[in-house]
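According to our numbering, the sequence shown is numbered sequentially starting from 5. Have a look at the structure below before the remarks.
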Amino acid sequence: MENQNFFLNCQKQFLDIANKLNLKTEIIEELKEPQRIIKFQIPIKTDNGKKKVFFGFRSQHNNALGPYKGGIRFHQNVSEDEVKALSMLMTWKCSLLNLPFGGGKGGIIVNPKELSKKELEKLSRGYVKAIFPFLGENIDIPAPDVNTNAQIMEWMIDEYFKLTGKKSFAAFTGKPLNLWGLEGREEATGYGGVVILKKLANTFKLNPQKTTIAIQGFGNVGSNFAYFAQKEGYKIIAVSEVDNGIFKEDGLNIEEILECKKRTGKISICIKNFDKEITNKQLLELNVDVLVLAAVENVISKNNAEKIKAKYIIEMANGPITPDAEGILEKRKIFSVPDILSNSGGVVASYFEWIQSKEKNRWKKEKTFVELSKKLSKSFDEVFFLSKKKKINLREASYILSVDKVAKSIK
Ligand code: GLU
């Protein structure tokens, strides 16, 4: 139900913009649904010798600007509607950032924490076995997403090589370095979020030392955001994971938390380093300058939008604010930066990796970060300029820019 709403919300956001842009009916028809959605079973033999069937999806939303591009997530809440919604967001994201890609997204309904490493490998290989004819460096290029990483990309591309007999290293991104993975790709989404934070600070004259931040989600995206933001001098006073979070009035030591998480697997175990434990609900409602949403979709809805006290929100997850909630936040003068802009660092770095893998020309990490900053800053400026000019919010401005580009290229 939630996910169905998520897709309908994304569709509605698109239809509103399509009307504003006066798009022709046939273009609206094409863009309001994915061009293709593949649903499939992935049977694997578990460690106890029994067969278990998992369900996978790949949604290919639109390829007018280039091959479909987007991650594969492993999560118990994955559904057809969720990947459809996320693939549509990828189309807008790639277009906004001027990447030669369309939008795709995939997933498997699974709680990966319940699987052994061996089972996870079979599942990853099984995913590729089921759909490999629909993948390829110029067709559809997967990458990591929620609960997937370079190791999973390694299994997947290895399976892809075996099945196709071709070593096309650009068919997947977010790979380990020895498979033409990109230095800095793993940190790129969080790093990109901090590029946006700095733009926000410049625009609104925020002093980093006096700017407090709460971050929901401490996976790859949230933890890297926290790390780079702290390096820039910002004060991170709260971070959280799925079950709960930690809070320290005068600022958490992110490096210590990262080290503790590596050792123990859980941030809340590092009890000596913080004032108190807090719930996710409390974290979202903290009185901070910047709230960073780096967990999952729909975390701010009309049920809690009135209670948000942050002045600025950076959407690092995909679709964390529902449209109803967005209206409420706007009325309350809370300024938010939309997902397709603020979390685009990952796919931008994937684009660099794709080029590197094709050209077999290794990029240095510094180059990745410099180019990433340039691309994200430019997009922020374009979106901000349009929002000022038309007196609209950043989401609307970024959708106008991105949807218009896709529609023109279909024409
Ligand atoms: N999963 C990331 C996203 O949602 C990255 C996708 C990619 O690199 O293709 O943007």
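Even for Gly, the Cβ is constructed at its ideal location relative to N, Cα and C. Since the model is a prediction, treat every value here as computed from it, not as a measurement.
With a threshold of 7 Å (Cβ to nearest heavy atom), would residue i be considered close to the ligand GLU?
| i | result |
| --- | --- |
| K97 | yes |
| A401 | no |
| D149 | yes |
| N347 | yes |
| K73 | yes |
| T326 | no |
| V351 | yes |
| V115 | Checking the sequence shown, residue 115 turns out to be Asn, not Val. Outside the cutoff, so no. |
| T372 | no |
| N397 | no |
| S91 | no |
| T168 | no |
| T50 | no |
| G453 | With the chain covering only 5 through 415, there is no way to say anything about residue 453. |
| N102 | no |
| G178 | yes |
| N66 | no |
| N322 | yes |
| S354 | yes |
Starting from residue i, follow the beta strand (DSSP E) in both directions and report where the run begins and ends.
| i | result |
| --- | --- |
| F61 | K55 to N66 |
| S272 | Unbroken run through S272: none, as it is neither H nor E. |
| L295 | V294 to L297 |
| Q213 | From DSSP, Q213 is part of no beta strand (DSSP E); its letter is neither H nor E. |
| K126 | Taken as a continuous stretch (DSSP letters only), K126 belongs to no beta strand (DSSP E), being part of the alpha helix (DSSP H) at K121 to I135. |
| E253 | E253 -> no beta strand (DSSP E), and no H or E assigned at all. |
| K395 | Element bounds for K395: n/a, residue is neither H nor E. |
DSSP beta-bridge partners for residue i?
| i | result |
| --- | --- |
| G111 | F61 and R77 |
| K36 | DSSP output for K36 lists no bridge partner at all. |
| F44 | G60 |
| V199 | In the DSSP output, where bridge partners are listed per residue, V199 has none listed. |
| P146 | G74 |
| Y316 | V294 and F339 |
| Q220 | S244 and L297 |
| G106 | Y72 |
| I140 | Ile is not the amino acid found at residue 140; the sequence shown has Gly there. Paired residue(s): D144. |
| K49 | K55 |
Tell me which residue opens and which closes the alpha helix (DSSP H) that residue i is part of.
| i | result |
| --- | --- |
| D328 | P327 to K335 |
| I261 | I258 to T268 |
| V303 | Taken as a continuous stretch (DSSP letters only), V303 belongs to no alpha helix (DSSP H), as it is neither H nor E. |
| G350 | G349 to E363 |
| Y238 | Segment: none, Y238 is in no alpha helix (DSSP H) and carries neither H nor E. |
| F165 | A154 to T168 |
| K179 | Where K179 is concerned, there is no enclosing alpha helix (DSSP H), given that its DSSP letter is neither H nor E. |
| K280 | Element bounds for K280: not the alpha helix (DSSP H) but the beta strand (DSSP E), K280 to I282. |
| V87 | E84 to L100 |
Decide if the segment 214–229 is in contact with the segment 314–332; the criterion is three or more beta carbon pairs, one per stretch, under 8 Å apart.
Counting C-beta pairs closer than 8 Å gives three or more between the segment 214–229 and the segment 314–332, which meets the contact rule.
Would you call the segment 301–316 and the segment 329–337 in contact, with 3 or more CB pairs under 8 Å?
The answer is yes - the segment 329–337 touches the segment 301–316, with three or more Cβ pairs under 8 Å.
Determine, using beta-carbon pairs with one atom in the segment 160–167 and one in the segment 129–136, whether at least three such pairs fall under 8 Å.
The segment 160–167, when compared against the segment 129–136, does touch it at the 8 Å Cβ threshold.
Is it true that the segment 340–350 meets the segment 108–126, where meeting means three or more beta-carbon pairs spaced less than 8 Å apart?
Flag = no, the segment 340–350 and the segment 108–126 do not touch.
Taking three-plus beta-carbon pairs below 8 Å as touching, is the segment 364–376 in contact with the segment 189–207?
Three or more beta-carbon pairs separated by less than 8 Å link the segment 364–376 to the segment 189–207, which places the two stretches in contact.
Validate contact between the segment 46–59 and the segment 94–102 using beta carbons, cut 8 Å, 3 pairs:
The segment 46–59 vs the segment 94–102: no contact.
Count the C-beta pairs between the segment 207–217 and the segment 262–269 that are closer than 8 Å, then say yes if the count reaches three, no if not.
Put simply, the segment 207–217 does not touch the segment 262–269. Fewer than three CB pairs are less than 8 Å apart.
Is the segment 357–370 touching the segment 75–82, taking contact as three or more C-beta pairs under 8 Å?
Between the segment 357–370 and the segment 75–82, the count of Cβ pairs shorter than 8 Å is below three; the stretches do not touch.
I'd like to know if the segment 100–107 and the segment 120–130 are in contact, where contact means that at least 3 CB-CB pairs between them fall below 8 Å.
At 8 Å Cβ cutoff, the stretches do not touch.
Would you call the segment 243–253 in contact with the segment 168–181, where contact means no fewer than 3 C-beta pairs closer than 8 Å?
At 8 Å Cβ cutoff, the stretches do not touch.
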